[in-house]
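Enquirer: In the numbering used here, the protein residues as written are 1152 to 1460.
All C-beta atoms in this analysis are idealised placements derived from N, C-alpha and C, irrespective of residue type, glycine included.
These numbers come from a predicted model, not from an experiment.
(1) Starting from residue 1233 and walking both ways along the alpha helix (DSSP H), at which residues does that stretch end?
(2) Determine, using beta carbons only, whether residue 1477 and residue 1179 come nearer to each other than 8 Å.
(3) In angstroms, rounded to a whole number, what distance separates the CA positions of residue 1270 and residue 1214?
(4) Measure the Cβ-Cβ separation of residue 1279 and residue 1335 and say whether it is below 8 Å.
(5) In chain order, what residues of the same chain lie with their CB nearer than 8 Å to the CB of residue 1194, ignoring the 5 residues before and after it?
(6) Quick one: Cα of residue 1431 to Cα of residue 1196, how far?
(7) Using alpha carbons as the reference points, say which of 1166, 1259, 1171, 1220 lies closest to residue 1293.
(8) Which residues mark the beginning and the end of the alpha helix (DSSP H) in which residue 1363 is found?
(9) Mind checking residue 1211: buried by the 16 CB within 10 Å criterion, or exposed?
(10) Provide the residue(s) that pair with residue 1275 in DSSP beta bridges, ordered along the chain.
(11) What is the DSSP secondary structure of residue 1283, reduced to helix, strand or coil?
(12) In chain order, what residues of the same chain have a beta carbon less than 8 Å from the beta carbon of residue 1337, not counting five sequence neighbours either side?
(13) Quick check on DSSP: helix, strand or coil for residue 1198?
(14) Name the two residues that bound the continuous beta strand (DSSP E) containing residue 1168.
(15) Where do the ends of the alpha helix (DSSP H) carrying residue 1321 lie?
(16) Which residues bound the beta strand (DSSP E) around residue 1296?
(17) Between the alpha carbons of residue 1359 and residue 1274, how many angstroms are there, rounded?
(18) Pull the bridge partners of residue 1193 from the DSSP assignment, please.
(19) Can you tell me whether residue 1160 is buried or exposed, with buried defined as 16 or more other CB within 10 angstroms of its CB?
(20) Can you check which of these residues, 1276, 1242, 1246, is closest to residue 1220 by C-alpha distance?
(21) To the nearest whole angstrom, what separates the beta carbons of residue 1268 and residue 1227, a pair I think is in contact under 8 Å?
(22) Helix, strand or coil for residue 1161? Go by DSSP, reduced to three states.
(23) Suppose you measure from the CA of residue 1345 to the CA of residue 1324; what does that come to, to the nearest Å?
(24) List the endpoints of the continuous alpha helix (DSSP H) containing residue 1370.
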(Lines of atoms letter the chains of each structure in order from A and count residues from 1; the text may use other names and numbers.)
(Lines give C-alpha, C1' and ligand atoms only; values in the text may rest on other atoms or scores of the structure.)
Protein backbone atom coordinates (compact mmCIF):
# COMPACT_ATOMS: atom_id res chain seq x y z
CA UNK A 1 0.00 0.00 0.00
CA UNK A 2 1.60 3.22 -1.15
CA UNK A 3 -0.94 5.72 0.08
CA UNK A 4 -2.75 5.31 3.39
CA UNK A 5 -3.71 7.14 6.56
CA UNK A 6 -3.59 5.65 10.06
CA UNK A 7 -6.54 6.18 12.39
CA UNK A 8 -6.76 4.95 15.99
CA UNK A 9 -10.01 4.05 17.71
CA UNK A 10 -9.93 4.48 21.48
CA UNK A 11 -12.14 4.31 24.55
CA UNK A 12 -12.16 5.18 28.26
CA UNK A 13 -9.26 2.78 28.79
CA UNK A 14 -7.02 5.33 27.05
CA UNK A 15 -6.88 8.36 29.36
CA UNK A 16 -3.21 9.11 28.64
CA UNK A 17 -2.34 10.07 25.07
CA UNK A 18 0.96 11.59 23.95
CA UNK A 19 -0.07 13.96 21.17
CA UNK A 20 3.52 14.78 20.22
CA UNK A 21 4.55 11.16 19.63
CA UNK A 22 1.43 10.41 17.60
CA UNK A 23 1.79 13.51 15.42
CA UNK A 24 5.45 12.72 14.78
CA UNK A 25 4.50 9.24 13.62
CA UNK A 26 1.83 10.28 11.17
CA UNK A 27 -1.38 9.37 12.99
CA UNK A 28 -4.14 11.16 11.06
CA UNK A 29 -7.21 10.78 13.25
CA UNK A 30 -9.06 9.25 16.15
CA UNK A 31 -12.42 7.51 16.39
CA UNK A 32 -13.64 8.00 19.94
CA UNK A 33 -16.06 5.60 21.60
CA UNK A 34 -19.19 7.47 22.63
CA UNK A 35 -20.72 4.65 24.65
CA UNK A 36 -20.40 1.08 25.79
CA UNK A 37 -22.90 -1.59 26.72
CA UNK A 38 -22.22 -1.50 30.48
CA UNK A 39 -25.73 -1.52 31.90
CA UNK A 40 -27.25 -0.62 28.54
CA UNK A 41 -26.13 2.65 26.97
CA UNK A 42 -23.22 3.84 29.08
CA UNK A 43 -21.59 7.14 28.13
CA UNK A 44 -17.87 6.54 27.76
CA UNK A 45 -16.25 8.22 30.76
CA UNK A 46 -13.30 9.45 28.69
CA UNK A 47 -15.10 10.53 25.51
CA UNK A 48 -15.38 14.27 26.09
CA UNK A 49 -11.95 14.56 27.70
CA UNK A 50 -10.27 12.71 24.82
CA UNK A 51 -12.22 14.80 22.34
CA UNK A 52 -11.15 18.00 24.05
CA UNK A 53 -7.48 16.94 23.98
CA UNK A 54 -7.40 15.64 20.41
CA UNK A 55 -9.74 17.75 18.29
CA UNK A 56 -7.23 20.50 17.49
CA UNK A 57 -4.44 18.18 16.36
CA UNK A 58 -6.23 15.28 14.66
CA UNK A 59 -9.35 14.45 12.74
CA UNK A 60 -11.86 13.26 15.34
CA UNK A 61 -15.03 11.22 14.93
CA UNK A 62 -17.35 9.45 17.36
CA UNK A 63 -18.44 5.85 17.27
CA UNK A 64 -21.68 4.59 18.76
CA UNK A 65 -22.20 1.01 19.99
CA UNK A 66 -25.63 -0.23 18.88
CA UNK A 67 -27.62 -1.91 21.68
CA UNK A 68 -29.71 -4.86 20.43
CA UNK A 69 -31.58 -5.14 23.73
CA UNK A 70 -33.64 -2.09 22.74
CA UNK A 71 -35.18 -1.17 19.40
CA UNK A 72 -33.81 1.06 16.68
CA UNK A 73 -35.82 4.05 17.85
CA UNK A 74 -34.42 3.82 21.38
CA UNK A 75 -30.88 3.55 20.03
CA UNK A 76 -31.43 6.62 17.91
CA UNK A 77 -32.93 8.55 20.82
CA UNK A 78 -29.90 7.93 23.01
CA UNK A 79 -27.53 8.85 20.18
CA UNK A 80 -29.47 12.03 19.42
CA UNK A 81 -29.41 13.12 23.05
CA UNK A 82 -25.68 12.49 23.53
CA UNK A 83 -24.11 13.23 20.16
CA UNK A 84 -21.77 16.25 20.49
CA UNK A 85 -22.79 19.20 18.40
CA UNK A 86 -19.37 20.33 17.20
CA UNK A 87 -18.03 17.00 15.96
CA UNK A 88 -18.31 15.78 12.39
CA UNK A 89 -21.72 14.44 11.37
CA UNK A 90 -20.09 11.22 10.18
CA UNK A 91 -19.85 8.61 12.92
CA UNK A 92 -19.11 4.92 13.30
CA UNK A 93 -22.17 2.74 13.95
CA UNK A 94 -20.65 -0.23 15.78
CA UNK A 95 -22.91 -3.21 15.10
CA UNK A 96 -21.22 -6.19 16.70
CA UNK A 97 -23.08 -6.97 19.94
CA UNK A 98 -24.65 -10.42 20.05
CA UNK A 99 -28.08 -10.70 21.67
CA UNK A 100 -28.71 -14.42 22.36
CA UNK A 101 -31.77 -15.82 20.60
CA UNK A 102 -32.40 -12.53 18.78
CA UNK A 103 -33.68 -13.49 15.35
CA UNK A 104 -31.43 -12.15 12.57
CA UNK A 105 -34.48 -10.82 10.71
CA UNK A 106 -35.62 -8.84 13.78
CA UNK A 107 -32.12 -7.50 14.36
CA UNK A 108 -31.95 -6.42 10.71
CA UNK A 109 -35.32 -4.63 10.85
CA UNK A 110 -34.34 -2.63 13.93
CA UNK A 111 -30.90 -1.70 12.58
CA UNK A 112 -32.51 -0.57 9.32
CA UNK A 113 -34.92 1.60 11.32
CA UNK A 114 -32.02 3.07 13.29
CA UNK A 115 -30.04 3.85 10.14
CA UNK A 116 -33.04 5.55 8.53
CA UNK A 117 -33.63 7.71 11.60
CA UNK A 118 -29.96 8.63 11.70
CA UNK A 119 -29.91 9.59 8.03
CA UNK A 120 -33.13 11.57 8.38
CA UNK A 121 -31.41 13.51 11.17
CA UNK A 122 -28.60 14.46 8.74
CA UNK A 123 -26.02 12.25 10.43
CA UNK A 124 -23.83 9.97 8.32
CA UNK A 125 -23.36 6.41 9.62
CA UNK A 126 -20.39 4.27 8.66
CA UNK A 127 -21.20 0.77 9.89
CA UNK A 128 -18.52 -1.07 11.82
CA UNK A 129 -18.66 -4.84 11.51
CA UNK A 130 -16.65 -7.82 10.28
CA UNK A 131 -17.07 -11.23 8.67
CA UNK A 132 -17.80 -12.95 11.98
CA UNK A 133 -20.65 -10.54 12.80
CA UNK A 134 -22.51 -10.83 9.50
CA UNK A 135 -24.75 -13.76 10.61
CA UNK A 136 -26.27 -11.56 13.34
CA UNK A 137 -28.41 -9.73 10.76
CA UNK A 138 -30.35 -11.37 7.95
CA UNK A 139 -29.78 -8.29 5.81
CA UNK A 140 -27.23 -5.53 6.25
CA UNK A 141 -27.75 -1.97 5.03
CA UNK A 142 -26.42 -1.51 1.53
CA UNK A 143 -26.84 2.27 1.30
CA UNK A 144 -24.11 3.02 3.84
CA UNK A 145 -20.35 2.79 3.82
CA UNK A 146 -18.51 0.36 6.07
CA UNK A 147 -15.71 0.38 8.60
CA UNK A 148 -14.52 -3.18 8.10
CA UNK A 149 -12.77 -5.37 10.69
CA UNK A 150 -10.20 -7.39 8.75
CA UNK A 151 -7.88 -8.66 11.50
CA UNK A 152 -6.18 -10.95 12.40
CA UNK A 153 -5.24 -12.03 8.90
CA UNK A 154 -4.50 -8.61 7.42
CA UNK A 155 -1.20 -7.91 9.17
CA UNK A 156 0.84 -10.77 10.59
CA UNK A 157 0.70 -10.96 14.36
CA UNK A 158 4.20 -12.39 14.71
CA UNK A 159 6.37 -10.65 15.59
CA UNK A 160 4.07 -8.26 17.43
CA UNK A 161 4.42 -4.66 16.32
CA UNK A 162 5.93 -2.46 19.02
CA UNK A 163 6.94 0.72 17.17
CA UNK A 164 5.35 2.98 14.60
CA UNK A 165 8.26 2.33 12.26
CA UNK A 166 7.40 -1.37 12.28
CA UNK A 167 3.74 -0.55 11.78
CA UNK A 168 4.42 1.57 8.68
CA UNK A 169 6.62 -1.16 7.20
CA UNK A 170 4.02 -3.84 7.80
CA UNK A 171 1.26 -1.70 6.26
CA UNK A 172 3.41 -0.92 3.22
CA UNK A 173 3.76 -4.65 2.59
CA UNK A 174 0.01 -5.29 2.39
CA UNK A 175 -1.13 -6.66 -0.95
CA UNK A 176 -4.69 -5.38 -1.02
CA UNK A 177 -6.56 -2.27 0.00
CA UNK A 178 -9.62 -1.67 2.19
CA UNK A 179 -12.03 -1.04 -0.67
CA UNK A 180 -11.31 -4.12 -2.75
CA UNK A 181 -11.70 -7.86 -2.35
CA UNK A 182 -13.82 -7.78 0.81
CA UNK A 183 -17.14 -9.38 1.64
CA UNK A 184 -18.57 -6.28 3.30
CA UNK A 185 -22.23 -5.46 2.52
CA UNK A 186 -21.28 -2.02 1.18
CA UNK A 187 -18.29 0.11 0.18
CA UNK A 188 -15.42 -0.08 2.67
CA UNK A 189 -13.73 3.23 3.53
CA UNK A 190 -12.01 2.34 6.80
CA UNK A 191 -10.26 -0.95 7.44
CA UNK A 192 -9.48 -2.13 10.98
CA UNK A 193 -6.27 -4.10 10.69
CA UNK A 194 -5.50 -5.00 14.31
CA UNK A 195 -7.24 -6.15 17.43
CA UNK A 196 -5.35 -4.39 20.20
CA UNK A 197 -1.68 -3.45 19.94
CA UNK A 198 0.23 -1.30 22.39
CA UNK A 199 2.30 1.36 20.65
CA UNK A 200 4.15 4.45 21.91
CA UNK A 201 1.78 7.34 22.56
CA UNK A 202 -1.08 5.34 24.06
CA UNK A 203 0.46 3.60 27.09
CA UNK A 204 -2.60 2.74 29.17
CA UNK A 205 -4.28 0.17 27.01
CA UNK A 206 -3.82 -1.49 23.66
CA UNK A 207 -5.57 0.23 20.77
CA UNK A 208 -7.11 -0.76 17.45
CA UNK A 209 -5.43 0.46 14.28
CA UNK A 210 -7.41 1.45 11.21
CA UNK A 211 -6.42 2.43 7.68
CA UNK A 212 -7.91 4.76 5.12
CA UNK A 213 -6.91 4.09 1.52
CA UNK A 214 -5.96 7.56 0.24
CA UNK A 215 -4.30 10.87 1.02
CA UNK A 216 -4.82 12.93 4.15
CA UNK A 217 -6.84 15.47 2.16
CA UNK A 218 -9.05 12.67 0.82
CA UNK A 219 -9.57 11.36 4.35
CA UNK A 220 -10.39 14.86 5.61
CA UNK A 221 -12.92 15.38 2.82
CA UNK A 222 -14.56 12.01 3.52
CA UNK A 223 -14.48 12.63 7.28
CA UNK A 224 -16.37 15.89 6.84
CA UNK A 225 -16.41 19.18 8.66
CA UNK A 226 -17.85 19.64 12.13
CA UNK A 227 -21.55 20.31 12.22
CA UNK A 228 -22.34 23.96 12.43
CA UNK A 229 -25.29 26.28 12.08
CA UNK A 230 -24.87 29.86 10.96
CA UNK A 231 -27.41 32.63 10.79
CA UNK A 232 -28.85 34.05 7.60
CA UNK A 233 -26.34 36.26 5.85
CA UNK A 234 -26.67 39.93 6.74
CA UNK A 235 -27.58 41.65 9.94
CA UNK A 236 -29.61 39.78 12.53
CA UNK A 237 -32.71 41.71 13.43
CA UNK A 238 -32.87 42.75 17.05
CA UNK A 239 -35.73 41.07 18.91
CA UNK A 240 -38.99 42.95 19.14
CA UNK A 241 -41.78 42.44 21.62
CA UNK A 242 -43.19 39.01 22.25
CA UNK A 243 -42.04 35.79 20.65
CA UNK A 244 -39.58 36.53 17.88
CA UNK A 245 -39.11 33.92 15.14
CA UNK A 246 -35.55 34.06 13.85
CA UNK A 247 -34.74 32.51 10.49
CA UNK A 248 -31.67 30.42 10.01
CA UNK A 249 -30.19 28.86 6.93
CA UNK A 250 -28.63 25.43 7.07
CA UNK A 251 -25.43 23.81 5.95
CA UNK A 252 -24.51 20.13 5.76
CA UNK A 253 -28.19 19.27 5.35
CA UNK A 254 -29.33 20.13 8.86
CA UNK A 255 -32.97 21.14 8.95
CA UNK A 256 -33.70 24.14 11.16
CA UNK A 257 -37.14 25.61 11.75
CA UNK A 258 -37.67 29.21 10.66
CA UNK A 259 -40.62 29.70 13.01
CA UNK A 260 -41.11 28.88 16.68
CA UNK A 261 -41.77 25.28 17.58
CA UNK A 262 -44.95 24.58 19.51
CA UNK A 263 -43.26 21.63 21.22
CA UNK A 264 -40.74 23.59 23.25
CA UNK A 265 -40.97 26.29 25.87
CA UNK A 266 -39.15 29.60 25.30
CA UNK A 267 -35.47 29.25 26.09
CA UNK A 268 -34.93 32.54 27.87
CA UNK A 269 -35.13 36.28 27.63
CA UNK A 270 -32.96 39.17 26.46
CA UNK A 271 -33.01 42.67 27.99
CA UNK A 272 -36.53 44.07 28.08
CA UNK A 273 -38.05 40.62 28.72
CA UNK A 274 -38.15 39.87 25.00
CA UNK A 275 -38.63 36.15 24.44
CA UNK A 276 -36.48 34.40 21.82
CA UNK A 277 -38.24 31.66 19.90
CA UNK A 278 -37.09 28.10 20.62
CA UNK A 279 -34.72 26.43 18.21
CA UNK A 280 -36.07 23.07 17.06
CA UNK A 281 -33.14 20.96 15.86
CA UNK A 282 -34.36 17.50 16.72
CA UNK A 283 -32.31 17.36 19.90
CA UNK A 284 -28.88 17.90 18.36
CA UNK A 285 -26.38 20.14 20.12
CA UNK A 286 -26.09 23.46 18.30
CA UNK A 287 -25.08 27.07 18.91
CA UNK A 288 -26.51 30.07 17.08
CA UNK A 289 -26.39 33.83 17.45
CA UNK A 290 -29.87 35.17 18.11
CA UNK A 291 -29.04 38.83 18.76
CA UNK A 292 -26.00 40.94 19.47
CA UNK A 293 -24.42 39.61 22.64
CA UNK A 294 -26.66 36.54 22.93
CA UNK A 295 -26.15 32.92 21.90
CA UNK A 296 -28.74 30.18 22.14
CA UNK A 297 -27.91 26.50 22.18
CA UNK A 298 -29.50 23.13 22.73
CA UNK A 299 -27.86 20.27 24.56
CA UNK A 300 -29.53 16.87 24.74
CA UNK A 301 -32.86 18.42 23.87
CA UNK A 302 -32.70 21.21 26.47
CA UNK A 303 -32.66 24.83 25.29
CA UNK A 304 -30.51 27.54 26.85
CA UNK A 305 -29.77 31.22 26.29
CA UNK A 306 -26.42 32.70 27.28
CA UNK A 307 -24.96 36.18 27.36
CA UNK A 308 -21.75 36.57 25.36
CA UNK A 309 -19.40 39.44 26.11
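Expert: Put simply:
(1) Position 82 of the chain shown holds residue 1233. Note, residue 1233: alpha helix (DSSP H), 1223-1233.
(2) Outside the shown range of the chain, which is 1152 to 1460, sits residue 1477, and nothing can be said about it.
(3) Within the chain shown, the letter at position 119 stands for residue 1270. Within the chain shown, the letter at position 63 stands for residue 1214. If I take the Cα positions, the gap works out to 15 Å.
(4) The residue labelled residue 1279 in the question sits at position 128 within the chain shown. The residue labelled residue 1335 in the question sits at position 184 within the chain shown. Not in contact: residue 1279 and residue 1335 (Cβ atoms no closer than 8 Å).
(5) Counting from 1 along the chain shown, the entry for residue 1194 is found at position 43. Excluding sequence neighbours, residue 1194 sits near 1185, 1186, 1233.
(6) Position 280 of the chain shown holds residue 1431. Position 45 of the chain shown holds residue 1196. Note that residue 1431 has pLDDT 44, beneath the 50 cutoff, so the model's placement of it is unreliable and the number below is only indicative. In this structure, the straight-line span from the alpha carbon of residue 1431 to that of residue 1196 is close to 28 Å.
(7) Counting from one through the chain shown, the residue named residue 1293 turns up at place 142. With distances taken between Cα atoms, residue 1293 lies closest to 1259.
(8) As a working note, residue 1363 is residue 212 in the chain shown. For residue 1363, there is no enclosing alpha helix (DSSP H); the enclosing beta strand (DSSP E) covers residues 1359-1363.
(9) Counting from one through the chain shown, the residue named residue 1211 turns up at place 60. With 16 or more Cβ atoms within 10 Å of its Cβ, residue 1211 is classed as buried.
(10) Looking up residue 1275 in the chain shown gives position 124. Answer is 1241.
(11) Stepping through the chain shown from its first residue, residue 1283 is reached at position 132. DSSP, reduced to helix, strand and coil, places residue 1283 within a helical segment of the structure shown.
(12) For the purposes of this step, residue 1337 is taken as the residue at position 186 of the chain shown. Setting aside the 5 residues that flank it on each side, residue 1337 is surrounded in the same chain by 1278, 1291, 1292, 1293, 1294, 1295, 1296, 1297, each with a C-beta closer than 8 Å to its C-beta; the list follows chain order.
(13) Mapped onto the chain shown, residue 1198 falls at position 47. In the structure shown, residue 1198 sits in a helix (DSSP, three-state: H, G or I).
(14) Position 17 of the chain shown holds residue 1168. Where residue 1168 is concerned, there is no enclosing beta strand (DSSP E), given that its DSSP letter is neither H nor E.
(15) The count along the chain shown starts at 1 and reaches residue 1321 at position 170. Looking at the DSSP string, the run of the alpha helix (DSSP H) that includes residue 1321 is 1315-1323.
(16) Working through the chain shown from its first residue, we reach residue 1296 at position 145. Looking at the DSSP string, the run of the beta strand (DSSP E) that includes residue 1296 is 1296-1300.
(17) Position 208 of the chain shown, counted from the first residue, corresponds to residue 1359. Position 123 of the chain shown, counted from the first residue, corresponds to residue 1274. The alpha-carbon of residue 1359 is positioned some 24 Å away from that of residue 1274.
(18) Here residue 1193 refers to the residue found at position 42 when the chain shown is read from its first residue. Bridge pairing for residue 1193: 1187 [DSSP].
(19) In the chain shown, the residue the question calls residue 1160 occupies position 9. Flag for residue 1160 reads buried.
(20) Start at 1 with the first residue of the chain shown, and residue 1220 comes out as number 69. Closest in alpha carbon position to residue 1220, among 1276, 1242, 1246, is 1246.
(21) For the purposes of this step, residue 1268 is taken as the residue at position 117 of the chain shown. For the purposes of this step, residue 1227 is taken as the residue at position 76 of the chain shown. 4 Å between Cβ atoms; contact.
(22) Here residue 1161 corresponds to residue number 10 of the chain shown, with the count starting at 1. Three-state result, residue 1161: strand.
(23) As a position in the chain shown, residue 1345 is number 194, starting the count at 1. As a position in the chain shown, residue 1324 is number 173, starting the count at 1. The alpha-carbon of residue 1345 is positioned some 15 Å away from that of residue 1324.
(24) Within the chain shown, residue 1370 is the residue found at index 219, counting from 1. For residue 1370, the enclosing alpha helix (DSSP H) starts and ends at 1367-1374.
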